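Comments concern the structure below.
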Amino acid sequence: MAAADSPGAAGPSRQRYRVAIIGGGPAGCACALALAQHGVHDVLVIEAGDYAQFRIGESIPPEANRLFHALGIAQDFFAEAHAPCHGSCSWWGSDKRGYNDALLHPLGHGWHLERSRFNGFLAQQARLRGAEVLLRASLVASAPAQGGGFTLELMLGDLAHPRPASIHADVVVDASGTRAVFARQRGSRKVETLPLVCLAMRFAAPDAPRSGLTHLEAVEHGWWYGAHLPDATLLLAFYSDAATVKARRLQHAAHWLEGLAAASNTAALACGAVPLAGGVQSFPAPSYCLEQLYGDGWLAIGDAASAYDPVTSQGIVKALANGMAAAGAIAGHAALDAVAQTVAQRYADYLAQRQQYYGWEQRWPAAPFWRQLHAGALAD
219 MAAADSPGAA GPSRQRYRVA IIGGGPAGCA CALALAQHGV HDVLVIEAGD YAQFRIGESI
279 PPEANRLFHA LGIAQDFFAE AHAPCHGSCS WWGSDKRGYN DALLHPLGHG WHLERSRFNG
339 FLAQQARLRG AEVLLRASLV ASAPAQGGGF TLELMLGDLA HPRPASIHAD VVVDASGTRA
399 VFARQRGSRK VETLPLVCLA MRFAAPDAPR SGLTHLEAVE HGWWYGAHLP DATLLLAFYS
459 DAATVKARRL QHAAHWLEGL AAASNTAALA CGAVPLAGGV QSFPAPSYCL EQLYGDGWLA
519 IGDAASAYDP VTSQGIVKAL ANGMAAAGAI AGHAALDAVA QTVAQRYADY LAQRQQYYGW
579 EQRWPAAPFW RQLHAGALAD
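Add 218 to the 1-based position in the sequence shown for the working numbering, that's all there is to it.
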């Protein structure tokens with residue numbers, strides 16, 4: 219993947235840009251790609267990482283195919299050979315297995331992604347269409363500039379050899395993920411609803427037929443997720459609230475594996491699989507919407523604007539759609555506030571969907587995890 223080795227890691231090529239996008243994930247890169255379609259190429263994407271580290275968030279539904287076509291990258295994406303996802307099977311609400319397959323979906327099947335490679339692919343596609351992608355660059359500070367736009371203070375390179383840089387952007391798009399770094403510098407805050415913690419381990423899958431389904435299993439203290447990834451590994455993740463994780467010490471591999479063994483259906487998926495080095499990795503799984511989604515000359519999108527519980531499997535599709543909508547507004551086809559209103563409305567729709575999903579599971583009403591979710595859903 220060329221993205222990690224790009225000369226864009228050296229520093230910005232100039233001091234002024236029409237659009238600066240903070241974050242080079244799906245939302246930020248989709249915005250850059252859509253801006254190119256609107257004829258806006260004076261774009262800088264500022265990415266804090268380099269697409270080398272493992273990333274969680276690998277399942278995308280068939281709706282993503284429509285967005286890939288709309289962005290003009292569908293054939294290039296298909297050539298990346300990620301693993302097809304033909305739907306899901308779940309043990310949710312009862313001990314009986316249920317299916318939700320994509321065999322008859324008009325948009326085809328979804329995908330299990332190798333997420334870091336997918337993010338790097340999007341960045342490379344944005345670069346090929348004229349955007350400048352700056353890697354290993356963090357936003358340190360920002361301020362409104364005299365005459366409009368913003369001055370952005372950046373730190374380039376690694377912690378051992380940091381280098382400062384300063385640019386001006388007429389418009390800033392905050393696609394920095396759950397850090398929401400630019401929006402928070404503007405004074406916006408997150409309004410959270412029942413955040414979860416994801417505890418994941420990867421396994422070397424045995425040489426056996428691999429499932430093309432996403433696996434979900436509800437248990438007393440949370441729920442399990444499983445998927446076979448394109449790199450021939452099996453990803454298993456447990457989702458719960460922070461208090462339950464701490465009380466049951468699930469961040470430790472021995473306790474995590476005990477929980478896996480007790481989840482019979484997920485344990486069967488892992489039969490014969492060998493844990494890879496690295497142990498249990500912890501990732502936040504928040505659920506929130508920013509109090510302020512936009513301002514004069516800036517807009518938050520993707521997980522910077524609103525983060526969804528992964529049980530809904532909407533995060534990447536939401537990010538791509540947000541990026542496309544933001545580009546349309548910047549190009550003059552809509553107002554920033556209209557995009558922000560859509561983000562807020564879709565967050566409200568998501569809360570209703572999450573309430574429905576968690577409401578289906580009533581087997582452990584006294585368990586702290588399910589009790590707070592059911593109570594919180596009613597409060598939402």
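Using N, Cα and C, we set each Cβ at its ideal position, and we do this for glycine too. These figures come from a predicted structure and were not determined experimentally.
The beta carbon of THR369 lies closer than 6 Å to those of ALA361, ALA363 and HIS386 in the same chain, with the five residues before and after it left out. Just so you know, the alpha carbons of CYS507 and LYS408 end up roughly 6 Å apart. Contact between the region 370 to 382 and the region 485 to 500 is absent, with fewer than three C-beta pairs closer than 8 Å. A distance below 8 Å between beta-carbons, with the five flanking residues on each side excluded, links TRP309 to the following residues of its chain, in chain order: ARG315, GLY316, LEU434, GLU435, ALA436 and ASN483. Ranked by how close their Cα comes to the Cα of TYR576, the residues ASN283, LEU285, GLY243 and SER312 have SER312 in first place.
Rounded to whole angstroms, LEU372 and GLU265 show a C-alpha spacing of 11 Å. The beta carbon of ARG345 lies closer than 6 Å to those of VAL351 in the same chain, with the five residues before and after it left out. Using a Cβ distance threshold of 7 Å, ALA544 and LEU517 count as a contacting pair. Counting other Cβ atoms within 10 Å of its Cβ, GLN342 reaches 16 or more and is therefore classed as buried. Residue pairing by DSSP leaves TRP474 without any beta bridge partner. Measuring C-alpha to C-alpha distances from VAL358 to each of GLY367, ARG397 and LEU340 identifies ARG397 as the nearest. For the options TYR443, GLU281 and ARG234, the alpha carbon positioned closest to that of CYS307 is the one of TYR443.
Distance from the Cα of GLY367 is smallest, within the candidate group ARG333, ARG236, ALA486 and VAL263, for ARG236.
In this structure PRO302 does not touch GLY520 by the C-beta definition: roughly 25 Å separates them, more than the 8 Å allowed. When the five nearest sequence neighbours on each side are left out, the beta carbons in the same chain lying within less than 7 Å of the beta carbon of GLN469 are those of LEU417, VAL463, VAL498 and SER500, in order along the chain. In the same chain as GLN233, and ignoring 5 residues on each side of it, the C-beta atoms closer than 8 Å to its own belong to SER384, ILE385 and HIS386, in chain order. Where TYR568 is concerned, the enclosing alpha helix (DSSP H) starts and stops at 554 to 577.
A straight line joining the alpha-carbon of GLU509 with that of GLU281 spans about 28 Å. Per the C-alpha coordinates, the member of ALA250, ALA228 and ALA238 positioned closest to ALA539 is ALA250. The Cβ atoms of ALA522 and ALA393 sit closer than 7 Å to each other. Here PRO424 has GLY490 and ALA491 as same chain residues with Cβ atoms under 7 Å from its own Cβ, once five neighbours each way along the sequence are excluded. Per DSSP, CYS307 is one residue of the beta strand (DSSP E) stretching across 305 to 309.
Distance check between GLY326 and each of ALA585, LEU591 and PHE296 places PHE296 closest, using alpha-carbon atoms only. Between ARG420 and ALA503, the alpha-carbon positions lie close to 18 Å from each other.
Beta-bridge annotation (DSSP): GLU298 is not paired with any residue. About 28 Å separates the beta carbon of VAL415 from that of ILE239, a gap too long to meet the 8 Å contact definition. Excluding the 5 residues flanking it on each side, ALA480 has same chain C-beta neighbours closer than 8 Å at VAL437, in chain order.
The beta carbons of LEU454 and HIS330 sit no closer together than 7 Å.
Going by DSSP, ARG236 is part of the beta strand (DSSP E) stretching over 234 to 240. Around the beta carbon of PRO324, a 10 Å sphere encloses fewer than 16 other beta carbons of the protein chains shown; the residue is thus reported as exposed. A distance below 7 Å separates the beta carbons of SER458 and PHE587.
DSSP places SER277 in the strand class (E or B) of the three-state scheme. The alpha-carbon of THR411 is positioned some 5 Å away from that of SER505.
Straight through space, the alpha carbons of GLY229 and ASP294 are spaced by roughly 27 Å. Where PRO244 is concerned, there is no enclosing beta strand (DSSP E), although the alpha helix (DSSP H) around it starts and stops at 244 to 255. Secondary structure of SER312 (DSSP, three-state): coil.
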